[in-house]
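Have a look at the structure below, then the notes.
Number of protein chains: 2
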Amino acid sequence: MANKRVPLWLLLRAARCVCRYPRHTLIPVTVRHVYASQSIFPLVPASSRLFFSTNTSGQGSLCIRTHTCGELGSGHVGQEVTLCGWVQYLRQNLFVILRDFSGLVQVLIPQDESERELKDAFSGLSVESVIKVKGRVRLRPDGQRNMNMSTGEIEVRAESLEVLNTCRKLPFEIKDFVKKSEALRMQYRYLDLRSSQMQYNLRLRSRLVMKMREYLCNVHGFVDVETPTLFKRTPGGAKEFVVPSGEPGMFYSLPQSPQQFKQLLMVAGLDRYFQLARCYRDEGSKPDRQPEFTQLDVEMSFVDAAGIMALIEGLLQYSWPEDKGTISTPFPCSTYEEAMKDYGVDKPDTRFGMKLVDVSEMFQRTQIEFIRDAIVRPGGCVQAICVPDGAKHLKGKDMEFLKQTAKTQFNQEVDCMLVRAEGSIKSPLGRLIADTTRLQLLLKTSAKAGDLLLIAAGAQERVRPLLGKLRLQCAELLEARGVPVRDPSVFHFLWVVDFPLFLPKEDEPERLESAHHPFTAPLPEDAHLLYSQPHKVRGQHYDLVLNGCEIGGGSIRVHNAAQQLYVLENILKEDPSVLSHLLEALDSGAPPHGGIALGLDRLVSIIVGASSIRDVIAFPKSFRGHDLMSHAPDLVPEEELRSYHISVLWPSVKNGQDNKP
Amino acid sequence: MANKRVPLWLLLRAARCVCRYPRHTLIPVTVRHVYASQSIFPLVPASSRLFFSTNTSGQGSLCIRTHTCGELGSGHVGQEVTLCGWVQYLRQNLFVILRDFSGLVQVLIPQDESERELKDAFSGLSVESVIKVKGRVRLRPDGQRNMNMSTGEIEVRAESLEVLNTCRKLPFEIKDFVKKSEALRMQYRYLDLRSSQMQYNLRLRSRLVMKMREYLCNVHGFVDVETPTLFKRTPGGAKEFVVPSGEPGMFYSLPQSPQQFKQLLMVAGLDRYFQLARCYRDEGSKPDRQPEFTQLDVEMSFVDAAGIMALIEGLLQYSWPEDKGTISTPFPCSTYEEAMKDYGVDKPDTRFGMKLVDVSEMFQRTQIEFIRDAIVRPGGCVQAICVPDGAKHLKGKDMEFLKQTAKTQFNQEVDCMLVRAEGSIKSPLGRLIADTTRLQLLLKTSAKAGDLLLIAAGAQERVRPLLGKLRLQCAELLEARGVPVRDPSVFHFLWVVDFPLFLPKEDEPERLESAHHPFTAPLPEDAHLLYSQPHKVRGQHYDLVLNGCEIGGGSIRVHNAAQQLYVLENILKEDPSVLSHLLEALDSGAPPHGGIALGLDRLVSIIVGASSIRDVIAFPKSFRGHDLMSHAPDLVPEEELRSYHISVLWPSVKNGQDNKP
């Protein structure tokens, strides 16, 4: 401010290079030798801003260690290293096996009398205590190398030990072979996550997501946009969590997906949007569902279904984990009708055959009453699947199980025919089937001696799902008997397209509801049917199926306001005013657009071969939606609820009805 | 299944290369000439999987366009291009200015009689309609080049036009110079986002976040872990949104931060965690607050404060937008005490001076009663700030405004002294100040003619914040008068460290509360004071300040269970059972760890120079927490609330108390 003719801010800018505050000096640190200090403050003063490590990047960077346990090998022999980690176990007071996220390493405890103090400190360690060890890497003596361990060629001869934290007796051991109940794993999730499998799952998930982002942002110019999770309830669809606001009677909802926002972003001219979006669905937990879950959410303007499908194929190929092989693109593509016809399901597991075969023709003149009854009705049919080696491997109780499924889940009969060596059939119906019919049947289903034929008759829309389900059950039963059916290491992707746009409502079959959601555009060639035979319209929807699981779905959206209004008002009979902002937006220069959402939790669980999405989520909820570690959900005091203008309706003991206490 | 000795899955694997379904053929597409078709379905059938564009990456990839508008230049002259975008405006039926996210381009409408149909189609276009134009790039004629436009050297001579969507009359024009109210912008957010400023903000945010992820994942081996947002309420801190569960009286809470989870991940041995975490705080919206916001959340094991600070410096340097210059590291560092002494605030704006100066000494024998009264009390002081050119530029009403702030916000007097050319002082107190005192004062504050001195006396903990506040107000007042004080294009980062660990509770000053949160570790050299004089303990906390805004904060955490229990139980007098899972975790081999959280919304808003975080969030809430576009929050029918076992307490009209209607 000396020279008044120079603006103040310019003077200040000139002064910018000079640090306002004296910078704390960066000095090299001599690692202190602290034997079993059990110090509460093992670290040097934070405010002195010291650097322990000279690493400036990688997993050893910015840390009080010089290396990670798992990275050491014969290339480090002779080096002095500082390691931090957990005591996996002590062996005969000679070795400590030290573990960090990267692996295990053997630490040799000095046995010289001169280093008695250090040896004693090691002997006092409890399992899972956290220590810092300084020492020198050396080759293990001949005969002591362990080729099952990535660091098995070397060991670290300890020179100093610092105990960073001790560990109490734990409810279970941190060893991969130790079996523990799901409830115990959830209660002590911070211990469960120490297992190498969970570490692998979470790290693979992180890398996969990172590669997906690179592909979308860096390769294809997508913009990562966060959308609100405190939103307005959308009628229909899954049950949504509500969040009371500060205004009486007014609630936010936690959205099931950012569907409306992503479409609005296209109207906003954002062109290409993606988000790893947290979504919510209040339907309790199932093995592959959670009250909160994550989807890779994508939307593009000026694109057709082929563009979105090619994008996702490229995305998965780009981000596929290296240790899981490669995937080839383009993925095969099936129509909904083909999938239902061949597999009885719209998300077929194409890793194995056993396809549905229509055998109606050869039963046209059958003696068997219930089959004849079935096929004379409109839409009636007889269908079969052939289970290779089924007769050889499946037991009587397996057949019973299949019949039970048919009965309880589909209210249908199914006939199990065992194909004998000489081509004869063992079945309650066997004697009622003419020889020509039998031969035709064997020919049509390619059944051979030792196979099992499952036959069902009835309306096509019931027989297909039934046999689709039995097909999967047979695969499981065979695998349980040791017969390999599906290779767990292969990944079969499949697009399913040309879904019907509307389906009859389950409780009111004369009314239609959206097969997916009301924003899906019709196939252009079917669009005229909207106004005459809406039930015949197919949608520009595509599902992505992996190994029989639906891992994603999307569509080209309606971008014409009048068409969207017609669908909502005239076909779905819904109140369009709830979506008035979207309709207005479509009328404000909405570009043609479409998108997709991939269920990240499910995709990752299939890639790592986990039986549940819980194994790829750091802190999942229990089946009942509880956090067993922190005990959420929890009681909230009445006075706190008052500020949200709500009160609890306690169930009355008398009649089980909700009531105030 | 022919060869029964080969396992079924192997046969299937062998068959894998053959597509299960006939792949739809990929054929090149002849772009149809459709003049003003207004077609609802301008795209070819999705199921036929056609590719319009041969681009396989970049922003033109996978799309029905070949180029984006903004990318065209003289290098494209002679090329045939297909563009998609919005009609920015029509000029004399000669030109259409076409806009997409990448910029504007001039489309020349053919005037030949032979192309009459095409010309008419163009003339019928309404502003903001969405069109697809095919044409050839050519240089503009001499004299018609526009150097203010990135594509101003060229134009596209249209050969065909397809109207993809029409646009109604909009509530405001999509032009950067058109001013619109905040409410209108929020109601039609999908239009507001079409502005080049909002497009820039959202794209910069996306790129920044991408670079941050690259730095953390790829450079330093961090793992991106998602933590739950349906959690359990944590006592203390900001008000949390509650979410009723399906069980009567049981509520989830939406967390203010993933604090507990990130610490538990360290106990789990994850080593390095980060997340772009959605956080929730129910405190209404303010210019820089929102009910939901995003923080970059980081936690590391085996690290000290220096390591975290170096990490964040590297992160910001790596991800800093190119067009915003470079930032130099390390950032300057100040203690809390230094910041309060010099700037009267713990988040000083160091882009300008006007520091607080203690002038108590020269007033030791003053005649002025209220000053004498103030300094004889323990902790009493007289302090001043010198506002360069303040006397020259600030008006009487400005001084009144400053005095008003002092009175209403701090219940304090402040004296405004104008320094005259001859070194005299104009002030109500002027004549009460001895000449020696006056000269000492001018010397100590470096005040010169034309400057303004603000003087306040009282307890130090009140005088400092008062002058800290007035310092900022003076900067604003000067800037409003056209005097540059702070360069809006510079970025001054500052670390603030050595905060007190505990502060007296506002309503119960004899009790202590955490200055930040109960998990912050004490400075090692202060740790012994925990047990004797906890109010004197400084914490291993660090705040990151940018241009006077706190954009982040973090700490090294307590990793010793006994110490954490002592802090909760004996110092904070809180029920430790609520945090029993965390205490158990610390006792299960918790590594030393620490972390930080950066407020992403605020950081981005400072980088782009936005006045509010609303300008860097796609769909923000209003000040009252409303979504003005979709009208969230909204009423929820009573029967739906019943499944959550809650009912609304409607305010009674009579006494204003909550009551059932």
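Residue numbers (my numbering), protein chains in the order written: chain E, 1 to 661; chain B, 1001 to 1661.
Backbone N, C-alpha and C fix where the C-beta goes; we use that ideal spot for every residue, glycine too.
Quiz item: Can you find a CB in chain B that lies within less than 7 Å of the CB of G73 of chain E?
Solution: What you label residue 73 of chain E is simply residue 73 of the first sequence in a count that begins at 1. Not an interface residue.
Practice problem: Please name the residue in E:Y318, E:R538 and E:L118 whose C-alpha comes closest to that of I109 of chain E. | Solution: Translated into the one-based positions of the first sequence, residue 109 of chain E becomes position 109. Here the closest residue by C-alpha is E:L118.
Quiz item: Residue ranges of each alpha helix (DSSP H) run of no fewer than 4 residues wholly in the region 362 to 396 of chain E, ordered along the chain?
Solution: 369 to 376 and 390 to 393
Practice problem: Give me the Cα-Cα distance between Q404 of chain E and V178 of chain E, rounded to the nearest whole angstrom. | Solution: By one-based count along the first sequence, residue 404 of chain E stands at place 404. By one-based count along the first sequence, residue 178 of chain E stands at place 178. Cα to Cα, Q404 of chain E sits roughly 36 Å from V178 of chain E.
Quiz item: Where does E1292 of chain B sit, in a helix, a strand or coil, going by DSSP?
Solution: By one-based count along the second sequence, residue 1292 of chain B stands at place 292. DSSP places E1292 of chain B in strand when its eight states are reduced to three.
Exercise. Quick one: list the residues of chain B neighbouring P672 of chain E, beta-carbon separation under 8 Å, in chain order.
Key: Residue 672 of chain E cannot be examined here, being either before or after the span of chain E that is shown, 1 to 661.
Quiz prompt | Residue interval of the beta strand (DSSP E) (run including A662 of chain E) | solution = The shown model of chain E, from 1 to 661, leaves out residue 662 of chain E, and the question about it has no answer.
Practice problem: Specify the secondary structure class of K324 of chain E as computed by DSSP and reduced to three states. | Solution: For the purposes of this step, residue 324 of chain E is taken as residue 324 along the first sequence, with counting starting at 1. Three-state result, K324 of chain E: helix.
Quiz item: Grouping DSSP H, G and I as helix and E and B as strand, with all else coil, what is T520 of chain E?
Solution: The sequence position of residue 520 of chain E within the first sequence is 520, counting from 1. In this structure, T520 of chain E counts as strand in the three-state DSSP scheme.
Self-check item: Near-chain E residues of the region 1564 to 1593 of chain B (beta-carbon distance less than 7 Å), N- to C-terminal order
Solution: H1581, A1585, D1587, S1588, G1589, A1590, P1591 and P1592
Exercise. Report the rounded CA-to-CA distance for R642 of chain E versus M266 of chain E, giving the unit in angstroms.
Key: Walking along the first sequence from the start, residue 642 of chain E turns up at place 642. Walking along the first sequence from the start, residue 266 of chain E turns up at place 266. So the alpha carbons of these two residues sit roughly 40 Å apart.
Exercise. Starting from the C-beta of V604 of chain E, find all residues in its chain whose C-beta is less than 6 Å away, skip the five residues before and the five after it, and write them out in chain order.
Key: Reading the first sequence from its first residue, position 604 is the one you call residue 604 of chain E. Excluding residues within five positions, the ones whose Cβ falls inside 6 Å are R205 and V616.
Exercise. May I ask you to list, following chain order, the residues of the region 1173 to 1198 of chain B that have a beta carbon less than 9 Å from some beta carbon of chain E?
Key: I1174, Q1187, Y1188, R1189, Y1190, L1191, D1192, L1193, R1194 and M1198
Exercise. Give me the Cα-Cα distance between T1227 of chain B and P1500 of chain B, rounded to the nearest whole angstrom.
Key: The residue given as residue 1227 of chain B occupies position 227 in the second sequence. The residue given as residue 1500 of chain B occupies position 500 in the second sequence. If I take the Cα positions, the gap works out to 30 Å.
Self-check item: Whole-Å CB distance - C549 of chain E paired with I606 of chain E, under 8 Å assumed
Solution: As a working mapping, residue 549 of chain E is identified with position 549 in the first sequence. As a working mapping, residue 606 of chain E is identified with position 606 in the first sequence. At roughly 6 Å, the Cβ-Cβ gap stays under 8 Å, so C549 of chain E and I606 of chain E are in contact.
Quiz item: So, is the C-beta of W650 of chain E closer than 7 Å to a C-beta in chain B?
Solution: Within the first sequence, the letter at position 650 stands for residue 650 of chain E. Yes, W650 of chain E lies at the interface with chain B (some Cβ there is under 7 Å from its Cβ).
Exercise. Anything in chain B within Cβ reach of Y644 of chain E, meaning under 8 Å, just list it in chain order.
Key: Indexing the first sequence from 1 puts residue 644 of chain E at position 644. V1242, listed in chain order.
Quiz item: Under three-state DSSP, which class holds R23 of chain E?
Solution: Your numbering for residue 23 of chain E matches position 23 in the first sequence. For R23 of chain E, the pLDDT reaches just 33, beneath the cut-off of 50, and the residue's location in the model is therefore unreliable, leaving the point undetermined.
Quiz item: Are the Cβ atoms of L90 of chain E and V96 of chain E separated by less than 7 Å?
Solution: As a working mapping, residue 90 of chain E is identified with position 90 in the first sequence. As a working mapping, residue 96 of chain E is identified with position 96 in the first sequence. Going by C-beta atoms, L90 of chain E is nearer than 7 Å to V96 of chain E.
Quiz item: For Q76 of chain E, does the three-state DSSP call read helix, strand or coil?
Solution: Reading the first sequence from its first residue, position 76 is the one you call residue 76 of chain E. With the sequence shown as reference, residue 76 of chain E is identified as His, and Gln is not the correct amino acid for it. It is helical.
Quiz item: Can you give the beta carbon distance from I1166 of chain B to R278 of chain E, rounded, assuming they're within the 8 Å contact cut?
Solution: Residue mapping note: residue 1166 of chain B aligns to position 166 of the second sequence, counting from 1. Residue mapping note: residue 278 of chain E aligns to position 278 of the first sequence, counting from 1. Correcting the residue identity first, residue 1166 of chain B is Thr in this sequence and not Ile. 36 Å between Cβ atoms; not a contact.
Quiz item: Name the chain B residues that come within less than 7 Å of F251 of chain E, Cβ to Cβ?
Solution: One-based indexing of the first sequence puts residue 251 of chain E at position 251. Correct list: P1633, D1634 and V1636.
Practice problem: At 8 Å on the CB atoms, spell out the chain B contacts of C167 of chain E, in chain order. | Solution: The residue given as residue 167 of chain E occupies position 167 in the first sequence. Going along chain B in sequence order, the residues near C167 of chain E (Cβ under 8 Å) are D1587, S1588 and G1589.
Practice problem: Please decide whether H1220 of chain B counts as near chain E, where near means a Cβ-Cβ distance under 7 Å. | Solution: Along the second sequence, read from residue 1 onward, the residue named residue 1220 of chain B stands at position 220. Yes, its Cβ sits closer than 7 Å to a Cβ of chain E.
Quiz item: Does the beta-carbon of H1535 of chain B have 16 or more other beta-carbons within 10 angstroms, so that it is buried, or is it exposed?
Solution: Counted from its first residue, the second sequence places residue 1535 of chain B at position 535. Exposed, by the Cβ-count rule.
Quiz prompt | Spatial neighbours of L954 of chain B in its chain, beta-carbon cut-off 7 Å, leaving aside the 5 residues before and after | solution = Missing from the structure shown is residue 954 of chain B; chain B here goes from 1001 to 1661 and no further.
Quiz item: If we ignore side chains and look at the alpha-carbon of each, how far apart do L1094 of chain B and V1107 of chain B end up?
Solution: Residue mapping note: residue 1094 of chain B aligns to position 94 of the second sequence, counting from 1. Residue mapping note: residue 1107 of chain B aligns to position 107 of the second sequence, counting from 1. About 9 Å.
Exercise. Tell me, to the nearest whole angstrom, how far the beta carbon of A1521 of chain B is from that of S1555 of chain B; I am working on the premise that it is less than 8 Å.
Key: For the purposes of this step, residue 1521 of chain B is identified with residue 521 of the second sequence, where counting begins at 1. For the purposes of this step, residue 1555 of chain B is identified with residue 555 of the second sequence, where counting begins at 1. Sure, about 7 Å apart at Cβ, within 8 Å.
Quiz item: Taking three-plus beta-carbon pairs below 8 Å as touching, is the region 1302 to 1312 of chain B in contact with the region 59 to 72 of chain E?
Solution: yes
Quiz item: Would you call K347 of chain E buried or exposed, if buried means 16 or more other Cβ atoms sit within 10 Å of its Cβ?
Solution: Stepping through the first sequence from its first residue, residue 347 of chain E is reached at position 347. Answer is buried; the Cβ neighbour count reaches 16.
Quiz item: Per DSSP, what kind of secondary structure is F1619 of chain B in: helix, strand or coil?
Solution: Residue numbering aside, residue 1619 of chain B sits at position 619 when the second sequence is read from its first letter. The answer is coil: DSSP assigns F1619 of chain B none of H, G, I, E or B.
Self-check item: Contacting residues, own chain, Cβ-Cβ under 6 Å from V34 of chain E (five flanking each side not counted)
Solution: If you number the first sequence from 1, residue 34 of chain E lands on position 34. Interpretation of V34 of chain E is limited by its pLDDT of 29, a score under 50 that renders its predicted location unreliable; no figure is taken from the coordinates.
Exercise. Would you decide whether S1652 of chain B is buried or exposed? Buried here means 16 or more other CB atoms lie within 10 Å of its CB.
Key: Locating residue 1652 of chain B in the second sequence gives position 652, counting from the first residue. It is exposed - the Cβ of S1652 of chain B has fewer than 16 other Cβ atoms within 10 Å.
Practice problem: Examine chain B for any beta-carbon lying closer than 7 Å to the beta-carbon of L161 of chain E, and answer yes or no. | Solution: Locating residue 161 of chain E in the first sequence gives position 161, where the first residue counts as 1. It does not; no Cβ of chain B falls within 7 Å.
Quiz item: Does the beta-carbon of S532 of chain E have 16 or more other beta-carbons within 10 angstroms, so that it is buried, or is it exposed?
Solution: Residue mapping note: residue 532 of chain E aligns to position 532 of the first sequence, counting from 1. Exposed, since its Cβ has fewer than 16 Cβ neighbours within 10 Å.
Quiz item: Should the region 321 to 329 of chain E be called in touch with the region 463 to 474 of chain E, which here means at least 3 C-beta pairs below 8 Å?
Solution: no
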